[in-house]
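Student: Structure below; questions to follow.
Number of protein chains: 2
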Amino acid sequence: MSASTAMFLRMSDPTALATTYFETLERRDWAALSACLDPDVVYEMPQSRERIRGREKFLQFNQEYPGDWHLSPRLVVADSANAVVRFDWTLDDEAGVAVTFLGLDGDRIVSVTDFWPDTSEPNPSRVHLVEPW
Amino acid sequence: MSASTAMFLRMSDPTALATTYFETLERRDWAALSACLDPDVVYEMPQSRERIRGREKFLQFNQEYPGDWHLSPRLVVADSANAVVRFDWTLDDEAGVAVTFLGLDGDRIVSVTDFWPDTSEPNPSRVHLVEPW
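Pasting the structure below:
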């Protein structure tokens with residue numbers, strides 16, 4: 002890599018990096034996804050307390066994930082060290098909303114933390130304040 | 002309010018505004034919380050498809066929320082239009098992690114969108130890649 006290319010990559014936009022992460026996942030473009038990831042990237046799902054260490058295992062996790070899944074980002078919020086993406090997902094006939102936190106180090110993603118909230122029933126205790134949608 | 006005070010408030014830091022939102026909730030300081038909120042703030046819980054419109058009803062929702070609840074922010078990510086807060090919560094003997102998106106207009110919060118992900122079991126299909134924690 003030339004010095005000018007390295008400089009370009011170090012200046013990359015956190016929002017663009019987060020968008021590229023989702024686009025390459027959606028396209029199953031594993032080479033391009035890999036280029037976004039630090040070799041020591043750590044993936045965590047706090048709800049199930051599962052952790053996957055390293056780019057190779059994280060790629061394998063995505064490659065092996067069962068079903069026809071699709072991801073559509075709806076909102077990206079980023080500063081220089083983190084990006085957060087709220088996205089719609091479908092998996093075969095299922096659909097939902099999820100949130101991913103990306104830890105960033107320049108042009109590389111060093112951590113991925115996913116939250117997959119389930120749907121729930123409205124709470125009757127607040128029906129006097131709420132409109133359903 | 003003097004012109005200089007108004008100018009100061011319009012220049013407020015999105016990260017500080019998000020932090021103040023959580024601090025005032027935790028303190029049950031309803032006047033200070035109210036000062037952060039746009040009169041037309043919209044609160045949404047996408048998991049249960051519940052929406053509360055307006056500052057007065059949103060304050061009432063928080064004032065009436067049952068149990069001894071506490072909120073401890075762990076990560077704030079913000080740009081000029083949005084802030085995202087990942088936080089630990091406790092409610093009596095329960096505990097968990099949740100995520101709040103705040104839509105911002107200058108020094109006012111115009112939308113609050115909460116995700117309350119439940120815990121789940123590790124998925125056996127990926128046990129060869131995962132370390133539990």
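Chains B and P, in that order, are what the protein sequence lines are.
Just add 1 to the spot in the first sequence (first one is 1) and you have our numbering.
Just add 1 to the spot in the second sequence (first one is 1) and you have our numbering.
Here a beta-carbon is modelled for each residue, glycine too, at the ideal position from N, C-alpha and C.
It should be emphasised that the depicted structure is a prediction, and the values quoted were computed from it without experimental measurement.
Are Gln48/P and Pro133/B close, meaning C-beta to C-beta below 8 Å?
Tutor: Taking 8 Å as the cut-off, the beta carbon of Gln48/P is found no closer than this to the beta carbon of Pro133/B.
Student: With H, G and I counted as helix, E and B as strand and the rest as coil, what does DSSP make of Pro125/P?
Tutor: helix
Student: Taking Cβ to Cβ, would you say Val131/B is nearer than 8 Å to Ile53/P?
Tutor: yes
Student: Would you say Glu95/B reaches chain P, if we count a Cβ-Cβ gap shorter than 8 Å as a contact?
Tutor: For Glu95/B, not one C-beta of chain P is nearer than 8 Å to its own C-beta.
Student: Exposed or buried, Thr120/P, counting other C-beta atoms within 10 Å across all chains shown (16 or more means buried)?
Tutor: exposed
Student: Which complete alpha helix (DSSP H) runs does the region 26-110 of chain P hold, if anything under 4 residues is left out?
Tutor: 31-37 and 56-65
Student: Write down the C-beta distance between Phe62/P and Pro74/P rounded to the nearest angstrom, noting that I regard them as a contact closer than 8 Å.
Tutor: By a beta-carbon distance limit of 8 Å, Phe62/P does not contact Pro74/P. Their separation comes to about 20 Å.
Student: Taking 8 Å as the threshold (beta carbon to beta carbon), is Thr120/B in contact with chain P?
Tutor: yes
Student: Going by DSSP in three states, Thr120/B sits in which element: helix, strand or coil?
Tutor: coil
Student: If the cut is a Cβ gap below 7 Å, which residues of chain B does Gln61/P touch?
Tutor: Leu130
Student: On the three-pair Cβ rule with 8 Å, is the region 88-108 of chain B touching the region 66-73 of chain B?
Tutor: yes
Student: Is the Cβ of Arg87/P closer than 8 Å to any Cβ of chain B?
Tutor: yes
Student: Would you kindly check if the distance between the Cβ of Val113/P and the Cβ of Leu103/P is under 8 Å?
Tutor: yes
Student: Can you give me the C-alpha to C-alpha distance between Val78/B and Gly97/P, rounded to a whole angstrom?
Tutor: 23 Å
Student: Closest to Asp41/B by CA distance: which of Thr20/B, Glu57/B and Ala33/B is it?
Tutor: Glu57/B
Student: So which residues on chain P does Asp30/B lean against when the C-beta distance must stay under 7 Å?
Tutor: The contacting residues do not exist; Asp30/B stays about 20 Å from chain P at best.
Student: What does Pro74/B touch in chain P if you count any residue whose Cβ is under 9 Å from its own?
Tutor: Result: empty, since nearest Cβ-Cβ is about 13 Å, beyond 9 Å.
Student: How would you call Val85/P, buried or exposed, if buried means at least 16 neighbouring beta carbons within 10 angstroms?
Tutor: buried
Student: Taking 8 Å as the CB-CB cut-off, is Phe23/B touching chain P?
Tutor: no
Student: Residues in its own chain within less than 8 Å of Leu1/B by CB, not counting five upstream and five downstream?
Tutor: The requested residue 1/B is not part of the displayed model; chain B covers only 2 to 134.
Student: For Ile110/P versus Asp30/P, is the C-beta spacing smaller than 8 Å?
Tutor: no
Student: Check whether the Cβ atoms of Ser13/B and Asp80/B sit closer than 8 Å, and answer yes or no.
Tutor: Ser13/B is not a Cβ neighbour of Asp80/B, given a cutoff of 8 Å.
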